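Enquirer: Have a look at this one.
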Amino acid sequence: MDLRRGQAPMNIDLPKNNFDQDSPPISALFIIYFDIKAGYTIGWKRALDGVELEGVVEYKSLPSGLHTVKEDLIYFVHDNNAGLSAFVNAPAAEESRNAQMIAVGVMVPLSYGRLGRSWKHAENLKRMASELIKDTTKTEVLEEYWERHKGHGTTPFNEPESPTEIISTVRFTPSQTPPRNGVKHNRNRSASDGAALLPPGQHLAAYHPARSLPNLLDAFGPLIFPLYRAAILRKRILLTGHAPVQESCNFVYDISVLSNIPLAVSDLLASSAPPQRLKPLFSIGVHDIPLLEEDLRAAKAAATTPGSSVAEQRDEPGCGWIACTTDSILAMKSSLYDVLITMPPLHSENASEKVWPKIESPQGVEMRATQRDLRRYTALKWGLSRSSSAPTSPSTRRRTPEEPETGRTSTSSTISANHEPLLDIPDTDDIIEPQSWTSLAYSGFMWWASAGEQRHHSEEECDSDAVLLSGLTFSPDPSPSQPRSQSTVSSGGKPSKEDSSAKQEMAIIAYFHRLTTQILTTLSDIVDATDSDDEREDESRPLQGSPDSNEEQNNDPPVYISSTDIERMGLDVWSSTDHLFIEEVAKEYFARRAHIEGRNVDICGIRIC
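Note that this note's numbering gives residue 290 to position 301 of the sequence shown, counting from 1, and the numbers run on in steps of one.
In structure tokens form, the structure reads like this:
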């Protein structure tokens, strides 16, 4: 694949890490069963000193609605531990309400990662739950498992939690953005990347949540990009749905990983920038409302003390979170979240038209993807459907003379006017922002004035998307038309052997980390250029007396974002929501005010729109 002219080859430096394939030590093991009189009850437990179980794991391990499914895996967090429980629902006698429900779970220190690598215990937990559902008194298997895997109360070395974490330490030299106003920056940068993906011999564990990344893209479609931007801004994101909750928990993990701030660009940010990652809470319920209220108070307190550094407080309250729930009452607590995601019911997969998740603000304002998001998503899906040996992208295919060049792009179309059926993204009209009339006027004027220039602009956008995909190794999908519920997992919920390499998942993570790097480095260059211009102006001014003491001396000058800058970030020039996103990123990550200079249509010096 051709790279952008003038771009230097990427220099990949892989860290030398040896990932432990053994299951992490556990801090607690328990079994919960449903009693018709007492409700959910802890029937057996073992825990290290200081690990709280009573009044916690019963509710976190068994979210509302599990009685409607036969089995499930539930992830949750509590204090400094991550929890995982395997739920089984089996037929029983009438006195037990015709059903017997149990959950066998563990808790693992969070020092091992977002979930403490608890997924490595998933298969054993499912096996023990299947045995104990027949007779809950035979707890010898639990005693044996506890003795074999219990920890010793010591904090382990904070090693990478899985091969996905290697992406945060892989470095490459990106293409340099053009200097503004003749100012050249010689800062040596590197950006997290996944071009190397998995080292030889490494693979994702069987129940690793990152295996659901292709499902995430299929479920959200172009909406994945506005959701990703909300996560970048460290919003409080609540995902609501129905049981089973395993996929929702996986999506929580995935979005948290995709929105990571690459380590190599963290030195470009202000000291008051949000934490490197969005805190995942996984499955929550009504009993977690006090926790969310505490987070809300912390966020309000942080807002009243601007300039405080949160760089080292990556998991402190008030720094944003993402969680999933089956308790609809949480969606009614609109003050506790910033973004609400309503997942479609499972039976909607058989609907004649695609049913997309609904993403909205607490005020009920629906969040949509931009026209640029749709084109970017199409390019990404094209890359995922082919190996890296493909020479060109579909959008760089030259049109034949008989193909007209349209000035308006339908929201249900792909990058090129004459596209392959595989790349069609159906039923997107309700989730894509309509083209603004300013955009339509500009497109129509450019078509009339210079069709060649319009093609050049389109090709530049396609080249930008190609750079984000360059060097990534994608595993072809088993079948483009295969339902997403079967694309990476078998009917029993266990990942299929064909997907063991997980190159596709690693490439998706690398793609979004590159997109984050592109946005932050472009803004950093603009901030640097603004500061350099301001310094030259100060040097050219004659010496003056001391300024008035009432003047604010510590306010940095605002940065001005042109339409070309917006395009370099990979965002939509015409979208007001993308403009607002840039302003918030500049404020949160660089502590600067941003003024967006959108594209206009001028004829003979007269602004038309």
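In this text, a Cβ means the ideal position worked out from N, Cα and C, and glycines have one as well. Treat the numbers as computed from the prediction; the structure is a model and nothing was measured.
Does the separation of the CB atoms of D561 and Q360 fall below 8 Å?
Expert: Going by C-beta atoms, D561 is nearer than 8 Å to Q360.
Enquirer: Considering Cα atoms alone, identify which of W563, T519, T510 and N70 is closest to Q603.
Expert: Because the chain spans -10 through 598 in this model, residue 603 falls outside it and cannot be assessed.
Enquirer: Would DSSP call S562 helix, strand or coil?
Expert: Position check: residue 562 holds Val in this sequence, whereas Ser was assumed. Correct three-state label for V562: coil.
Enquirer: Taking contact to mean 3 or more Cβ pairs, one atom from each stretch, closer than 8 Å, check whether the stretch 225 to 234 and the stretch 326 to 341 are in contact.
Expert: Touching, yes.
Enquirer: Report the residue from R103, V58 and G559 whose alpha carbon sits nearest the alpha carbon of Q89.
Expert: Q89 has its Cα closest to that of V58, out of R103, V58 and G559.
Enquirer: Output the residue ranges of the beta strand (DSSP E) runs that lie fully inside the stretch 350 to 376 and measure 3 residues or longer, sorted by chain position.
Expert: Qualifying beta strand (DSSP E) stretches: none in this window.
Enquirer: For E494, does the three-state DSSP call read helix, strand or coil?
Expert: Helix, per DSSP.
Enquirer: What span of residues does the alpha helix (DSSP H) with C238 cover, start to end?
Expert: Counting along the chain, the alpha helix (DSSP H) containing C238 begins and ends at Q235 to L247.
Enquirer: Considering only DSSP beta bridges, list what E314 is partnered with.
Expert: With the sequence shown as reference, residue 314 is identified as Thr, and Glu is not the correct amino acid for it. Looking at the DSSP assignment, T314 forms a beta bridge with T229 and I273.
Enquirer: Skipping 5 residues on each side, what residues in its chain have a beta carbon closer than 6 Å to that of L363?
Expert: So the list reads P211 and I421, once near-sequence residues are dropped.
Enquirer: Is M117 helix, strand or coil by DSSP?
Expert: Correct three-state label for M117: helix.
Enquirer: Thinking just about the alpha-carbon of each residue, which of E129, K343, V574 and S521 is nearest to the one in L512?
Expert: When only C-alpha atoms are compared, the closest one is V574.
Enquirer: Relative to the alpha-carbon of V294, which residue among G307, E282 and K26 has its alpha-carbon at the smallest distance?
Expert: Reading off the sequence, residue 294 comes out as Thr, not Val. Closest option to T294, Cα to Cα, is G307.
Enquirer: So S12 packs on H141, CB below 8 Å; how close in whole Å?
Expert: Not confirmed; about 15 Å, so no contact.
Enquirer: Which word fits Q507, buried or exposed, when buried means at least 16 other C-beta atoms lie within 10 angstroms of its C-beta?
Expert: Looking at its Cβ environment, which holds 16 or more other Cβ atoms inside 10 Å, Q507 is buried.
Enquirer: Would you kindly work out how many angstroms separate the C-alpha atoms of D520 and D545, rounded to a whole number?
Expert: When rounded, the distance between both Cα atoms is 8 Å.
Enquirer: Straight-line CA distance for D413 to V548?
Expert: Their backbone Cα atoms lie some 39 Å apart in a straight line.
Enquirer: Can you list, in chain order, the residues of its chain with a C-beta nearer than 6 Å to that of L281? Leave out the 5 residues immediately preceding and following it.
Expert: So the qualifying residues of the chain are L325.
Enquirer: Mind checking G39: buried by the 16 CB within 10 Å criterion, or exposed?
Expert: Classification of G39: exposed, given that the 10 Å Cβ count is below 16.
Enquirer: In the DSSP assignment, what residue or residues form a beta bridge with H67?
Expert: According to DSSP, which records beta bridges pairwise, H67 is partnered with N70.
Enquirer: Is the stretch 231 to 238 touching the stretch 48 to 67 in the sense that three or more CB pairs, one from each, lie closer than 8 Å?
Expert: Output reads yes: the stretch 231 to 238 touches the stretch 48 to 67.
Enquirer: Going straight from the alpha carbon of E586 to that of S272, what length do you get?
Expert: Cα to Cα, E586 sits roughly 42 Å from S272.
Enquirer: How would you call R582, buried or exposed, if buried means at least 16 neighbouring beta carbons within 10 angstroms?
Expert: By the neighbour-count rule (16 or more Cβ atoms within 10 Å), R582 is not buried but exposed.
Enquirer: Nearest to M321 by alpha carbon, out of E349, F65, N339 and G309?
Expert: Considering only alpha carbons, the answer is E349.
Enquirer: By alpha-carbon positions, which one of G72, K26, H67 and R266 ends up nearest to F19?
Expert: Answer by Cα proximity: G72.
Enquirer: Any contact of the stretch 91 to 102 with the stretch 73 to 82, i.e. 3+ C-beta pairs under 8 Å?
Expert: Result yes; three or more Cβ-Cβ pairs closer than 8 Å.
Enquirer: Where does I420 sit, in a helix, a strand or coil, going by DSSP?
Expert: Note: I420 maps to coil in three-state DSSP.
Enquirer: Within this structure, are the beta carbons of L114 and W33 separated by less than 8 Å?
Expert: No, the pair does not count as a contact, with Cβ atoms beyond the cut-off.
Enquirer: Classify Q354 as buried or exposed, calling it buried when 16 or more other Cβ atoms lie within 10 Å of its own Cβ.
Expert: A small fix is needed here, since residue 354 is Val in this sequence, not Gln. Burial call: exposed.
Enquirer: What three-state label does DSSP hand T57 in the structure shown?
Expert: Three-state DSSP puts T57 in a helix.
Enquirer: Distance check for P264 and P251, CA to CA, integer angstroms please.
Expert: So the alpha carbons of these two residues sit roughly 11 Å apart.
Enquirer: With a threshold of 8 Å, are at least 3 pairs of Cβ atoms found where one atom belongs to the stretch 334 to 341 and the other to the stretch 277 to 291?
Expert: No, the stretch 334 to 341 is not in contact with the stretch 277 to 291.
Enquirer: Could you check if R106 is buried or exposed, using at least 16 other CB atoms within 10 Å of its CB as the buried criterion?
Expert: That one is buried.
Enquirer: Report yes if the CB atom of Y578 is closer than 8 Å to the CB atom of L202, and no otherwise.
Expert: No, they are not a contact pair.
Enquirer: Closest to D61 by CA distance: which of A358, S551, G44 and S237 is it?
Expert: Nearest of A358, S551, G44 and S237 to D61, Cα basis: S237.
Enquirer: Is it buried or exposed for D418, if we count other Cβ within 10 angstroms and need 16 for buried?
Expert: Classification of D418: exposed, given that the 10 Å Cβ count is below 16.
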